[in-house]
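For the sequence shown, counting from 1, position 180 maps to 180 in full-length UniProt numbering; every step adds exactly one. Contents: one structure, followed by commentary.
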Amino acid sequence: MNVQTCYQHHTYQAMIEAACDAIAPIWPLDSFIAVNPYWSHRDRPMPEVAARLGALSGTTMLMPPAYYRQAWRSGRINRDHLERAIAATGYQRDTEALLRSLEEPATEPAALPTLAELATGRGDGPAQPVRDQISAFCAAFFDDAEAEWGIEHEGGLFAQWRAHLLTHPGGAPGDLAAFRERLRSLPKDADLVLVRVLTELDLPVDRVEAYLLALLLDINGWASWCAGERWRARQAGGDDNNIVELLAIRLAWEALLDDGKRGPGSQHERWLQRWRALPSGEQQAWERIQAPWTWQYALELAYQAGLEQVIQKPAADKAATKVQAIFCIDVRSEVIRRALESLDPGMETRGFAGFFGLPIQYRPLGTEAPRAQLPGLLAPALEVSDRCDDSVEVAKQRRQRLTAAAHWKQFEYAPISIFTLVETLGLFYAGKLLRRTLGLGDEPSPAQAGLGRRQRHSLHPTLNALSPEDGAGLAAGILKAMGLTGHFAELVLLTGHGSQSANNPHAAGLDCGACCGQTGEVNARALASLLNDGPVRLALREHGIHVPENTRFLAALHNTTTEEIKLFDTDQVPAPLQPTLDRLRTTLAAAGARARAERAPTLGLASLEQKPAALHKAMRKRARDWGQVRPEWGLANNAAFIAAPGHWTRGRDLQGRVFLHDYDWHQDRDFKTLRQIMTAPMVVAHWINMQYYASVVDNRRYGSGNKVLHNVVGGHLGVLEGNAGDLRIGLPWQSLHDGDRLMHEPLRLSVCLAAPQSAIDAILESEPTVNDLVTNGWLHLFRIEEQSRALIRRHADGWRPL
């Protein structure tokens with residue numbers, strides 16, 4: 001690299017990194033978690049980001065006028081909501097002008113063109129051949145589980161792409177010989193290509209970062225994958241440069257498709273003029289979305305007013321506590337919690353993040369690949385593994401079975417086998433295919449592969465290498481964060497959750513987001529084992545926590561598809577607690593039936609609402625049906641996060657739309673727990689909320705389209721919609737729409753905290769990320785007034801009542 005090139009690289013380096021940092025990460029399918037795809041733009045006001053991304057990629061962050069028109073005509077939004085929204089957003093026109101805006105036709109923002117779009121004659125849309133070529137190459141390069149023959153990684157992503165394109169020039173226009181010559185002239189080093197092409201294109205320096213971001217947004221799926229690889233590498237103390245190399249690939253295509261002509265009337269000049277006008281394009285986009293943003297704010301005001309009314313209703317009666325049940329704050333838990341408390345006044349439920357505060361990774365017995373069991377924002381610090389009476393032998397048998405299965409897969413996919421496999425084993429597979437088609441019987445989850453039925457039930461997830469003192473320190477921190485440091489019930493139920501579906505690439509997205517797209521079983525069982533440990537309980541006293549001798553912690557798993565709750569390790573419950581356990585089983589079964597009845601209409605099962613047995617059977621069949629595209633609705637329609645004492649929301653119907661986290665600030669003297677809530681579960685809930693939001697307002701760019709057309713890439717990387725195009729991110733349309741209507745209302749998260757104003761403000765001042773989310777309108781923050789339970793909104797300039 002000569003002196004001039006070094007100087008240019010230094011000039012461009014910050015812009016390259018800024019463009020790459022503007023892409024949010026995604027996780028692979030086997031640990032699929034919700035991500036806010038706009039996360040990297042949180043330092044700017046959300047409407048401003050909408051205008052910028054609209055100009056760069058053509059995306060929209062709002063619903064079409066018809067959506068708000070229906071909300072107005074139905075009475076969901078009233079004139080008072082509109083007037084308050086106008087005041088809050090600074091809309092410069094009056095209510096009548098806002099009403100007239102609903103009659104305007106829906107239009108998508110016009111994105112600035114790339115050179116590839118102009119060269120392929122598609123200046124009004126994506127250069128699809130370029131995207132297809134990059135996507136097909138990335139699918140092969142990153143594959144680590146599916147293909148028998150892969151692409152070498154030596155030299156990195158860009159060097160391998162360059163070598164591959166020389167022999168497979170897909171997407172190349174016109175003269176192939178000339179195309180290959182231009183390709184050979186490109187350096188093999190990604191950094192050199194970035195500097196050279198940017199220099200040749202002669203784009204004004206103050207437009208370079210935006211242009212590079214536009215190129216990444218043109219292949220946003222694979223850019224998001226590379227951003228995820230970088231996120232996870234840095235979390236583990238390393239780094240990953242694939243997103244920079246991907247950017248070099250996309251920029252190289254600009255050079256390859258540039259006809260080289262310059263001056264008036266040239267393709268380059270037309271492109272340059274459009275990019276020079278970027279500020280006016282953003283301004284036009286902003287002017288176009290002011291009215292829709294005001295309508296969006298009014299829609300959110302309407303929800304918040306109803307939420308305040310529910311919170312202010314009188315609390316339900318509560319009897320002496322016999323069982324305490326800790327559930328994940330997931331919105332699906334609200335329905336079953338409400339059912340439990342209505343059936344048994346002696347049942348006290350609490351909400352806490354579903355990983356139960358355990359910073360763990362889990363290494364299944366007999367395997368070498370650990371998996372994270374905590375939010376994607378965090379890195380694991382401890383490990384959990386399985387134990388049983390004969391761990392060594394069970395591990396050996398499992399490895400043998402998994403090895404045999406791997407060899408069998410190679411035989412299945414070997415070219416010579418394809419023509420004989422079905423004829424040879426057709427009858428063997430017939431029974432299995434028939435059971436799957438009819439939804440008969442339960443198959444073990446992939447996580448239990450290689451284990452027999454008895455072996456699966458004999459395993460106990462246990463924290464490794466933890467002394468009683470260290471275990472007590474961990475347990476004390478968790479119990480204090482739960483607000484459970486005294487008045488323990490006889491049984492304390494730690495209830496993780498997971499979903500059940502068949503033939504579903506996005507199955508992990510229906511499991512626990514706080515457990516990195518896994519079920520909460522491992523965390524619940526590991527914590528129950530820790531809290532039942534005698535030496536740990538004894539050491540807990542040094543932390544001021546005395547767990548009664550007759551208190552037993554019991555792990556459970558809530559199946560959110562069927563509303564069943566499975567209890568673990570009940571054989572270890574002492575005899576004196578058996579009557580309490582028997583009553584709990586009865587209550588759990590009745591609560592499941594009540595929750596199923598509440599959910600039945602949304603699943604098209606309203607006719608079975610009054611037939612508990614038939615409804616239960618139908619939901620179980622739905623969970624096993626490998627043709628079912630809507631096994632459950634997941635976290636659709638989530639809208640709010642409440643951190644307050646549990647009795648403030650006990651008995652209130654929150655319609656399965658609220659993340660409920662128990663919190664009593666009177667027990668939080670240094671507000672350490674409040675800080676944890678605002679920086680971890682609140683942010684995770686925001687990620688979930690924004691993933692659903694983005695998947696609704698622009699499913700083409702931030703969702704994954706039609707589930708029926710999905711093809712899994714690389715075994716677990718993600719999906720394509722069909723056999724080409726970009727890697728799809730976000731949620732399938734079938735997770736958001738029932739065929740007739742949307743099942744998720746796109747609202748920004750309303751966060752309601754029962755805490756002193758001064759404490760919340762202090763945390764906002766010291767936590768820039770959280771402050772950005774609030775100040776720039778990525779979520780709505782309220783504090784709940786202790787006496788009246790009124791909602792007081794946090795604006796950029798202070799607090800005002802809702």
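Yeah, the Cβ is synthetic: ideal placement off N, Cα and C, and Gly gets one too.
How is residue i classed by DSSP in three states: helix, strand or coil?
i: S750; result: strand
i: I784; result: strand
i: N711; result: strand
i: Q610; result: coil
i: I249; result: helix
i: S417; result: A caution first: S417 carries a pLDDT of 42, below 50, which makes its placement in the model too unreliable to give a value.
i: R766; result: Here the sequence assigns Ser to residue 766, which means Arg is not the residue at that position. Helix, per DSSP.
i: D571; result: helix
i: A119; result: helix
i: W799; result: strand
i: H546; result: coil
i: D386; result: strand
i: T673; result: helix
i: E564; result: strand
i: G705; result: strand
i: P535; result: helix
i: H460; result: strand
i: H647; result: helix
i: H737; result: strand
i: C512; result: strand
i: Q92; result: coil
i: L112; result: coil
i: A14; result: helix
i: L742; result: strand
Over what stretch of residues does the beta strand (DSSP E) that includes residue i continue unbroken?
i: residue 812; result: As shown, the chain starts at 1 and ends at 802. That puts residue 812 outside it, with no answer to give.
i: R728; result: No beta strand (DSSP E) holds R728; DSSP gives it neither H nor E.
i: V719; result: G718 to E721
i: I792; result: L791 to H795
i: I326; result: V323 to C328
i: L660; result: V658 to D662
i: A140; result: Per DSSP, A140 belongs to no beta strand (DSSP E); it is in the alpha helix (DSSP H), Q128 to F142.
Out of the options, state which residue places its alpha-carbon closest to the alpha-carbon of residue i.
i: R84; options: V683, W293 and T580; result: W293
i: V384; options: F355, Q13, A590 and H546; result: F355
i: V208; options: T114, F671, G651 and L608; result: T114
i: P314; options: G651, V629, E300 and D668; result: G651
i: S458; options: G509, W72, G486 and F568; result: F568
i: K261; options: L201, G58, Q296 and G221; result: L201
i: D132; options: D189, E108, T775 and H168; result: H168
i: L747; options: I784, Q284 and W687; result: W687
i: E287; options: P359, E152, G54 and S499; result: G54
i: A190; options: F142, L247 and W222; result: L247
i: L377; options: V35, I760 and L802; result: V35
i: Q235; options: F553, E104 and P25; result: P25
i: P109; options: T60, Y91, L463 and D143; result: T60
i: D470; options: L493, A539, L557 and A489; result: A539
i: E549; options: P576, L527 and E563; result: P576
i: H647; options: L660, A524, I478 and G656; result: L660
What whole-angstrom Cβ distance do residue i and residue j have, given they're in contact under 8 Å?
i: L749; j: N689; result: 4 Å
i: V629; j: I642; result: Not a contact, Cβ separation roughly 32 Å.
i: A159; j: G714; result: Contact flag wrong, Cβ pair sits at about 20 Å.
i: L186; j: R162; result: 6 Å
i: R276; j: L112; result: That pair is no contact at about 10 Å.
i: E609; j: A600; result: 5 Å
Can you tell me where the alpha helix (DSSP H) with residue i in it begins and where it stops?
i: R599; result: Q578 to R599
i: V696; result: P681 to V697
i: K480; result: P468 to M482
i: H268; result: Q267 to R276
i: R262; result: Note, R262: premise wrong, no alpha helix (DSSP H); not H, not E.
i: T495; result: It is not in any alpha helix (DSSP H) - T495 instead sits in the beta strand (DSSP E) that spans L491 to G498.
i: A524; result: E521 to N532
i: A97; result: T95 to R100
- Task: Report the residue ranges of all alpha helix (DSSP H) runs contained in full by the stretch 150 to 227; include only those spanning at least 4 residues, in chain order.
- Result: Segments of the alpha helix (DSSP H) lying fully in the stretch 150 to 227: 157 to 167, 176 to 185, 190 to 201 and 205 to 218.
- Query: What alpha helix (DSSP H) runs, 4 residues minimum, are completely inside the stretch 19 to 82?
  - Reply: The stretch 19 to 82 contains these whole alpha helix (DSSP H) runs: 46 to 57 and 65 to 73.
- Enumerate, from N- to C-terminal direction, the unbroken alpha helix (DSSP H) stretches of 4 or more residues contained entirely within the stretch 306 to 375. Entirely contained in the stretch 306 to 375, the alpha helix (DSSP H) runs reaching 4 residues are, in chain order, 331 to 343.
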